[in-house]
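Report on the structure given below.
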Amino acid sequence: MSSGVAVALIVFLGTTLTAFIIAHLLRKQMRQIEMHRRDKSVPLEPPISAGTVVFLRSLPYIIFSGELIYAGFKLLRDFQETTPITRSDIADISWNIAFMWATGSMMITLFLFNRLNDVIINTNSSSKIE
Numbered sequence: 005m006s007s008g009v010a011v012a013l014i015v016f017l018g019t020t021l022t023a024f025i026i027a028h029l030l031r032k033q034m035r036q037i038e039m040h041r042r043d044k045s046v047p048l049e050p051p052i053s054a055g056t057v058v059f060l061r062s063l064p065y066i067i068f069s070g071e072l073i074y075a076g077f078k079l080l081r082d083f084q085e086t087t088p089i090t091r092s093d094i095a096d097i098s099w100n101i102a103f104m105w106a107t108g109s110m111m112i113t114l115f116l117f118n119r120l121n122d123v124i125i126n127t128n129s130s131s132k133i134e
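The sequence shown runs contiguously to residue 134 in the numbering used here.
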């Protein structure tokens with residue numbers, strides 16, 4: 005498959021997926037309006053979709069992963085150079101390794117804080133006395 009066909013296929017799949025998502029959200033909104041007509045206690049503001057919730061929750065991990073990949077590519081590029089090594093090369097390599105370590109540490113810390121937050125929220129919601 006040539007690159008032109010691959011790009012056309014990706015564009016076609018992207019636009020099709022977008023059309024399906026928009027159609028789903030419109031149907032969801034129409035159901036919400038119909039439920040509000042029957043029962044006025046149902047709010048008209050539809051809840052955010054599950055895909056949006058998942059995307060917003062995983063956005064920091066996506067950003068951190070992108071930073072890790074970028075630093076990894078820069079590190080590989082530095083290791084593939086055949087010129088004599090200089091002080092700036094050493095500084096660049098050490099900076100990339102430190103950046104990858106710090107980004108990985110932040111990802112792990114964020115994951116642990118999110119898990120702790122989920123446990124606290126579930127503990128508080130299950131301890132309510134009705």
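For each residue, glycine too, the CB sits at the ideal point set by N, CA and C.
Asked	Found
Whether alanine 75 touches phenylalanine 103 by CB criterion (8 Å)	yes
Three-state class that DSSP yields for valine 57 in the structure shown	helix
At least three beta-carbon pairs within less than 8 Å, the segment 117-125 to the segment 90-106	no
Proline 88, DSSP secondary structure in three states	coil
Serine 7 - containing alpha helix (DSSP H), residue span	7-42
Leucine 116 - DSSP class collapsed to helix/strand/coil	helix
Identity of the residue in Thr107, Lys32, Ile94 and Ser6 nearest tyrosine 65 by Cα	Thr107
Cα-Cα separation between alanine 12 and leucine 80, rounded to whole angstroms	31 Å
For leucine 72, the three-state DSSP class (helix, strand or coil)	helix
Alpha-carbon to alpha-carbon, threonine 86 and arginine 61	42 Å
Collapsed DSSP secondary structure at serine 45 in the structure displayed	coil
Inter-residue spacing [alpha-carbon to alpha-carbon] between isoleucine 94 and glutamine 84	13 Å
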